[in-house]
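Numbering (our numbering), first residue to last: 389 to 579.
Presented below is the structure to which this report refers.
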Amino acid sequence: MLTATFQRGITLVELMLATTLGLIAVAAVLSVYAASVHHGSAQLATAHLHQQLFGLLHLMSTDIRRAGYRQFDVATETVAGNPFVQGENHLRSQAFPDEDDDSCILFAYDLDKDGRVGVGRCDSDTCADNSDTDNVEQFGFRLRNLTIQSRFAGDSSACDSGYWQTLTDTDIEITTLRFRLLEDCTHLLDA
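As structure tokens, then:
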């Protein structure tokens, strides 16, 4: 006598339907994950740019505020004799060749508080204290090749001479930098 047996398990159609639904669920999860990674990367890049620009502007503004500072004895010296605001040491804006006008600012201040404009660097063994070669006191910032650079050495204070160091990361491009000097603020002691 033949007995009827019932099949246990799933049919091929049920298996294909379950696989399709599973693939759709995995695709949805992967697309949400990819969107989250993309958004997170964009947020990280924005935060990096913000931090770089904030740090750069803070460095530049605090350094430029020192322009013209000189340590002097008010009992024996006058403000008019300040070498940090005369000749090529006064606060001024120029441009590096082939860059926009006013994209470079040059200034000097009394870094070592000796009252003299330092124009060079030397070893401590070969350099006399309070000489004009004991440190560099002519500074500047400029735009060059889509980067911001800071002047840290050189014997001539110009935008196209001296030694300059890049301050911005290579993955950040600065397209415009412009300094505007207000004449009313640069000659406060002349009045």
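We put the beta carbon where it would ideally sit given N, CA and C, even for glycine.
Treat the numbers as computed from the prediction; the structure is a model and nothing was measured.
Margin query: Would Arg568 and Asp488 qualify as a contact pair, given that the criterion is a beta-carbon distance under 8 Å?
Written below: Sequence index remark: in the sequence shown, residue 568 carries index 180 (1-based). Sequence index remark: in the sequence shown, residue 488 carries index 100 (1-based). Cβ atoms of Arg568 and Asp488: not closer than 8 Å.
Check: So does Arg568 have its beta carbon nearer than 7 Å to some heavy atom of the ligand COA?
Finding: You won't find the ligand COA in this model; it holds no ligand whatsoever.
Check: Who are the Cβ neighbours of Gln459 in its own chain at under 8 Å, not counting the five residues just before and after it?
Finding: Here residue 459 refers to the residue found at position 71 of the sequence shown. Setting aside the 5 residues that flank it on each side, Gln459 is surrounded in the same chain by Asp498, Lys501, Asp502 and Gly503, each with a C-beta closer than 8 Å to its C-beta; the list follows chain order.
Check: If you run the structure through DSSP and keep just helix, strand and coil, what is Gly528?
Finding: On the sequence shown, residue 528 is found 140 positions in, with the first residue counted as 1. Under the three-state reduction of DSSP output, Gly528 falls in the strand class.
Margin query: According to DSSP, simplified to helix, strand and coil, what is Leu479?
Written below: The count along the sequence shown starts at 1 and reaches residue 479 at position 91. Note: Leu479 maps to coil in three-state DSSP.
Check: With a CB to CB cut of under 8 Å and the five nearest residues on each side skipped, what residues in its chain are close to Thr407?
Finding: Translated into positions along the sequence shown, residue 407 becomes position 19. There are no such residues.
Next item on the list: Measuring alpha carbon to alpha carbon, tell me which of Gly410, Val505 and Ser491 ends up nearest Glu476.
Entry: Sequence index remark: in the sequence shown, residue 476 carries index 88 (1-based). If we check each option's Cα against that of Glu476, Val505 comes out closest.
Next item on the list: Please classify Leu432: is it buried, with 16 or more other beta-carbons within 10 angstroms of its beta-carbon, or exposed?
Entry: Walking along the sequence shown from the start, residue 432 turns up at place 44. Around the Cβ of Leu432, a 10 Å sphere holds fewer than 16 other Cβ atoms; the residue is exposed.
Notebook entry, point to check: Is the region 436 to 455 touching the region 548 to 566, taking contact as three or more C-beta pairs under 8 Å?
Noted result: The region 436 to 455, when compared against the region 548 to 566, does touch it at the 8 Å Cβ threshold.
Margin query: Residues in the same chain with beta-carbon distance under 6 Å from Arg532, minus the five sequence neighbours each way, listed in chain order, please.
Written below: The residue labelled residue 532 in the question sits at position 144 within the sequence shown. The answer, listed in chain order, is Phe484.
Next item on the list: With DSSP collapsed to three states, give me the class of Arg539.
Entry: Counted from its first residue, the sequence shown places residue 539 at position 151. The answer is strand: DSSP assigns Arg539 an E or B state.
Notebook entry, point to check: Starting from Leu405 and walking both ways along the alpha helix (DSSP H), at which residues does that stretch end?
Noted result: Counted from its first residue, the sequence shown places residue 405 at position 17. Here the alpha helix (DSSP H) through Leu405 covers Leu400 to Arg453.
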